[in-house]
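Peer 1:
Residue numbers (my numbering), protein chains in the order written: chain A, 1 to 299; chain B, 1001 to 1105.
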């Protein structure tokens, strides 16, 4: 037996052990499917409300996972969230549903393609529209960047908002500029998915650069109202400085621009279900590897 | 009237001491009193304010002079509203007890 034979035998032996371990893993994991089996803070649990399968939302009790296992109401670092609703889009239909059942803290939202927003009032090319578009982009690109930095390249973030040129026929976010309430800069009505900005009672700064002293920043308010449209209520975290989350309920002070924080993006991770591989998919892959290894060994 | 004098005196003493004199419970009381006095003219939906479900958070707030002040942010929610924001919020200066309506979004 020369060195090559020893190497080959060792390799086959290692493969056989892997196959046996995989088979053992299948048995073990089928016995304990409720336990998290992947690294990180994903979790699995059976859920009887709307959920997803193979990247498409379906109904039924399907084993699934969230990227972020922390309930939205949990005080978690930068932000503590209060989720009201979440978007579902399976590529053809769009709904804005309530958080349901025992998983109320998780929105079970999933955006396979995109959710549309539409400017109800004609302000085309206007600085207000530009800042609203910028705010939507800030949410989407910020969440994606945060997600990418989490080193989870094996999963896809189902979270996207796109402007519609004409009034959509499907459920969409309506953007208006007609609010009149001298102590409210903007509001979101979850009943009809409408954002309304108050242009009458405030003198807005609509620039892309940071506001100067005494200027009321429109972009900060746009980011906040879109946060409601994403599905968040107000930040419930006590003892926080205004500006620590975009979902603080008080409007920005003059001269301040409020950022969407990583804590807010963590909220997106928790609110929107991520299509990470289901345990059955992972285990299926291991079984295939095991079968191939055994066949090669016998050959 | 007497009560107003009392609060004014209280505010002056608190300001002179230079310390947080207004605790969370007291801040909610001051905010509720201020809101009851003023909320009649504060716009839509305010008749449904839930004074017994107030939430108070510590925060810092930059006033009109650009000075950061320690405040209590007291929010009185509104019944059965699908609209955010709902209810009424009052900023209570943690040193002076001065109440101001907060602009919500």
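C-beta atoms are modelled at their ideal positions from N, C-alpha and C, and glycine is treated no differently. Quick caveat, the model's predicted, so the values are computed rather than measured.
Compare the C-beta of residue 97 of chain A with all C-beta atoms of chain B and state if any pair is closer than 7 Å.
Peer 2: For residue 97 of chain A, the answer is no, since every Cβ of chain B falls outside 7 Å of its Cβ.
Peer 1: Are the region 196-204 of chain A and the region 170-185 of chain A in contact at 8 Å, needing three or more beta carbon pairs?
Peer 2: yes
Peer 1: Mind checking which residues open and close the beta strand (DSSP E) that includes residue 210 of chain A?
Peer 2: Per DSSP, residue 210 of chain A belongs to no beta strand (DSSP E) and is neither H nor E.
Peer 1: At a CB-CB cut-off below 7 Å, which residues of chain B make contact with residue 185 of chain A?
Peer 2: 1103, 1105
Peer 1: What does the Cβ neighbour count give for residue 226 of chain A, buried or exposed, with the cut at 16 atoms within 10 Å?
Peer 2: buried
Peer 1: So residue 1076 of chain B and residue 1091 of chain B are supposed to be a Cβ contact under 8 Å. How far apart are they, rounded?
Peer 2: The Cβ separation is near 13 Å, so there is no contact.
Peer 1: Taking only the alpha-carbon atoms, compute the straight-line gap between residue 200 of chain A and residue 259 of chain A and give it to the nearest angstrom.
Peer 2: Looking at the two C-alpha atoms, the distance is approximately 24 Å.
Peer 1: Out of A:208, A:167, A:148, A:113, which one is the CA nearest neighbour of residue 135 of chain A?
Peer 2: A:208
Peer 1: When the cut-off is 7 Å and only beta carbons count, does residue 191 of chain A lie next to chain B?
Peer 2: Residue contact with chain B for residue 191 of chain A: present (Cβ-Cβ distance below 7 Å to some residue of chain B).
Peer 1: Assign residue 113 of chain A to one of two classes, buried (16 or more other C-beta atoms within 10 Å of its C-beta) or exposed (fewer than that).
Peer 2: exposed
Peer 1: Can you find a CB in chain A that lies within less than 7 Å of the CB of residue 1082 of chain B?
Peer 2: Interface flag for residue 1082 of chain B against chain A is set, since a Cβ pair is found closer than 7 Å.
Peer 1: Label residue 1088 of chain B either buried or exposed according to how many other C-beta atoms from any shown protein chain fall within 10 Å of its C-beta, with 16 as the threshold for buried.
Peer 2: buried
Peer 1: Let me know the secondary structure DSSP gives residue 132 of chain A once reduced to three states.
Peer 2: Of the three classes helix, strand and coil, the one that applies to residue 132 of chain A here is helix, per DSSP.
Peer 1: Quick one, are the C-beta atoms of residue 140 of chain A and residue 160 of chain A less than 7 Å apart?
Peer 2: yes
Peer 1: Do residue 190 of chain A and residue 1104 of chain B count as a contact pair if the criterion is CB distance below 7 Å?
Peer 2: no
Peer 1: Is the separation between the beta-carbon of residue 1059 of chain B and that of residue 1024 of chain B shorter than 7 Å?
Peer 2: no
Peer 1: I want to verify the contact list: residues of chain A whose CB lies under 7 Å from the CB of residue 1098 of chain B, in sequence order.
Peer 2: Going along chain A, no residue has its Cβ under 7 Å from residue 1098 of chain B, so there is no contact; the nearest lies around 16 Å.
Peer 1: From the DSSP output, which residues share a beta bridge with residue 297 of chain A?
Peer 2: In DSSP, residue 297 of chain A forms no bridge with anything.
Peer 1: Step through the CB atoms of chain A and report whether any lies within less than 7 Å of the CB of residue 1085 of chain B.
Peer 2: Yes - at least one Cβ of chain A is within 7 Å of the one on residue 1085 of chain B.
Peer 1: Quick one: does residue 1053 of chain B have its CB under 7 Å from some CB of chain A?
Peer 2: By this cut-off, residue 1053 of chain B is not an interface position.
Peer 1: Can you tell which of B:1097, B:1078, B:1084 has the C-alpha that lies nearest to the C-alpha of residue 1039 of chain B?
Peer 2: B:1078
Peer 1: Excluding five sequence neighbours on each side, which residues of the same chain lie with their C-beta closer than 6 Å to the C-beta of residue 188 of chain A?
Peer 2: 195, 225, 228, 229.
Peer 1: Which same chain residues end up closer than 8 Å to residue 1063 of chain B when comparing Cβ atoms and leaving out the 5 residues on each side of it in sequence?
Peer 2: So the list reads 1069, once near-sequence residues are dropped.
Peer 1: Once the 5 residues before and after residue 148 of chain A are set aside, which same chain residues still bring their CB inside 8 Å of it?
Peer 2: none
Peer 1: Using C-beta distances below 6 Å, list every residue in its chain close to residue 170 of chain A, excluding the 5 sequence neighbours before and after it, in chain order.
Peer 2: So the list reads 94, once near-sequence residues are dropped.
Peer 1: Decide if residue 1052 of chain B is buried, meaning its Cβ has at least 16 other Cβ atoms within 10 Å, or exposed.
Peer 2: exposed
Peer 1: Taking DSSP's pairing of strands, which residues face residue 1056 of chain B in a bridge?
Peer 2: BP columns for residue 1056 of chain B point to B:1074.
Peer 1: If you run the structure through DSSP and keep just helix, strand and coil, what is residue 205 of chain A?
Peer 2: strand
Peer 1: Considering Cα atoms alone, identify which of B:1096, B:1085, B:1065 is closest to residue 233 of chain A.
Peer 2: Nearest option by C-alpha distance: B:1085.
Peer 1: Where residue 216 of chain A and residue 109 of chain A are concerned, what is the direct C-alpha to C-alpha distance, given to the nearest angstrom?
Peer 2: 33 Å
Peer 1: Residue 163 of chain A and residue 117 of chain A - do their beta-carbons sit closer together than 7 Å?
Peer 2: yes
Peer 1: With a cut-off of 7 Å, does the C-beta of residue 1024 of chain B fall near any C-beta of chain A?
Peer 2: no
Peer 1: Mind pulling the chain A residues with CB within less than 7 Å of residue 1073 of chain B?
Peer 2: Within 7 Å of the CB of residue 1073 of chain B, the CB atoms of chain A belong to 250, in sequence order along the chain.
Peer 1: Starting from residue 1032 of chain B and walking both ways along the beta strand (DSSP E), at which residues does that stretch end?
Peer 2: From DSSP, residue 1032 of chain B is part of no beta strand (DSSP E) but of the alpha helix (DSSP H) over 1024-1038.
Peer 1: In this structure, does DSSP put residue 226 of chain A in helix, strand or coil?
Peer 2: Residue state, collapsed to three classes: helix.
Peer 1: Leaving out the 5 sequence neighbours to the left and right, which residues in its chain are closer than 7 Å to residue 121 of chain A when beta-carbon positions are compared?
Peer 2: 176, 177, 178.
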